[in-house]
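First the structure, in the form of structure tokens, and then the observations on it.
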Amino acid sequence: MDRVGDEGAQRLAAALEQNPTLITLNLRYTGIGNNGAQLLAKALEQNQTLTTLDLSINRIGSEGAQHLGKALEQNQTLTTLDLSGNEISNLGVQHLAKSLEQNQTLITLNLRGNAAVSEGTQHLVHVLQDKRIQFQFL
Numbered sequence: 001m002d003r004v005g006d007e008g009a010q011r012l013a014a015a016l017e018q019n020p021t022l023i024t025l026n027l028r029y030t031g032i033g034n035n036g037a038q039l040l041a042k043a044l045e046q047n048q049t050l051t052t053l054d055l056s057i058n059r060i061g062s063e064g065a066q067h068l069g070k071a072l073e074q075n076q077t078l079t080t081l082d083l084s085g086n087e088i089s090n091l092g093v094q095h096l097a098k099s100l101e102q103n104q105t106l107i108t109l110n111l112r113g114n115a116a117v118s119e120g121t122q123h124l125v126h127v128l129q130d131k132r133i134q135f136q137f138l
């Protein structure tokens, strides 16, 4: 199977910025790394229809999580984000947690199988006390 990778993510991001109808995008196990996550995050800032984004089992680390977190501060439609099985450490989880303070739409965030441990989860727990987010982190 061909992988999308960061190069393919660039083309998908350009399409996502313009697409007025797509509500679900599954990019599970497609080889997307930090650069691809950055490009997709930029598109998420513009997109007004996507509600579900699956980026599980990729190569996204804390840098990519930081960009996605920034996008979550702007995005008003995404309700489900699956980042399970990536390489996100405590720093990346902290960036995501910070973005959730402003985001009003995300309901489900899956970070299962990442590198983050207690420090990252403490930041999330603090933010989630005031939010209604279903959080998966094992």
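Residues 1 to 138 in the UniProt record's numbering are what the sequence shown lists, from first letter to last.
Beta carbons: idealized from backbone N, C-alpha and C, even for Gly.
If you're wondering where the values come from, they're calculated on a predicted model, not measured in any experiment.
As a quick exercise: from the options, pick the residue whose alpha carbon is nearest that of residue i.
i	options	result
R112	H126, N90 and D82	D82
T77	I60, L106, Q102 and L100	L106
H126	A116, N103 and Q94	Q94
When the Cα atoms are used, what is the spatial distance from residue i to residue j?
i	j	result
K98	R3	31 Å
Q122	G92	13 Å
Q129	L100	11 Å
residue 219	A14	The requested residue 219 does not occur in the structure, where the chain is confined to residues 1 to 138.
I23	Y29	19 Å
G69	Q18	21 Å
D6	A43	14 Å
L27	N58	9 Å
In terms of DSSP beta bridges, what is residue i paired with?
i	result
T52	T24 and T80
Less than 7 Å between C-beta atoms, sequence neighbours within five positions excluded: which residues of the same chain meet that for residue i?
i	result
E119	N90
M1	Residue confidence for M1 is low, a pLDDT of 47 falling below 50, so the modelled location carries little weight; the figure read from the coordinates is stated next. No residues qualify anywhere along the chain.
E45	A71, Q74 and N75
What would DSSP say about residue i, mapped onto helix, strand or coil?
i	result
G61	strand
T121	helix
L109	strand
E87	strand
Q10	helix
residue 144	The structure shown does not extend to residue 144, since the chain spans only 1 to 138, so no value can be given for it.
E101	coil
N19	coil
So, for residue i: in the same chain, excluding its five sequence neighbours on each side, which residues have a beta-carbon less than 6 Å away from its beta-carbon?
i	result
A9	I32, G36, L39 and L40
T80	T52 and T108
N47	L16
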